[in-house]
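> So in our numbering, spot 25 of the sequence shown is number 41, and the numbers just go up one at a time.
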Amino acid sequence: MDLKLPITIISELSEGEVRATGELDLASGEIRKVQYQDYDLEAQGLPAEREDYEFTLGVLSSGTREVEFRVEVDAMAGTYSVTPSELLELKGRAAKLFTQAPPRHTH
Numbered sequence: 017m018d019l020k021l022p023i024t025i026i027s028e029l030s031e032g033e034v035r036a037t038g039e040l041d042l043a044s045g046e047i048r049k050v051q052y053q054d055y056d057l058e059a060q061g062l063p064a065e066r067e068d069y070e071f072t073l074g075v076l077s078s079g080t081r082e083v084e085f086r087v088e089v090d091a092m093a094g095t096y097s098v099t100p101s102e103l104l105e106l107k108g109r110a111a112k113l114f115t116q117a118p119p120r121h122t123h
């Protein structure tokens, strides 16, 4: 199965966060095509290398619904990925996210 999904990547810092977009490969767990928003990678380096770095998470969205998941960062290689166990859990949660009927608005 060759399924790649657009995700939001959030690197939490002690005083704020760095946001990026990327593409999650559901077959391998690799995250590619990372594009940072309002962050100069060349000047500031990978967010995970900063002293105030805490953790990184990913967000998969469908309409108003979201699923958050843990993202592993290899600071030496500059890569992002999802562990096999997290990926397995995410696939189940993503399937529910994309197959649920949209929420009804009652007025």
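Glycine included, every Cβ here is placed at the ideal spot set by N, Cα and C.
#1: Throw me the rounded Cβ distance for the Glu82 and Leu73 pair, which I believe falls under 8 Å.
#2: Quick one: Cα of Ala111 to Cα of Leu40, how far?
#3: Just checking my contact of Leu29 with Glu70 at CB under 8 Å: how many whole Å lie between their CB atoms?
#4: If I measure Cβ to Cβ from Ala64 and keep anything under 7 Å in the same chain, skipping five residues before and after, which residues do I get?
#5: Can you have a look at Ala59 and say buried or exposed, based on whether 16 or more other CB atoms are within 10 angstroms of its CB?
#6: Can you look up Gln53 in the DSSP assignment and give me helix, strand or coil?
If we stick to the structure as given:
#1: In fact, because the Cβ distance is near 11 Å, the residues do not count as touching under 8 Å.
#2: 15 Å
#3: 6 Å
#4: Result list for Ala64: Ser27, Thr72, Val89, Ala91, in chain order.
#5: exposed
#6: strand
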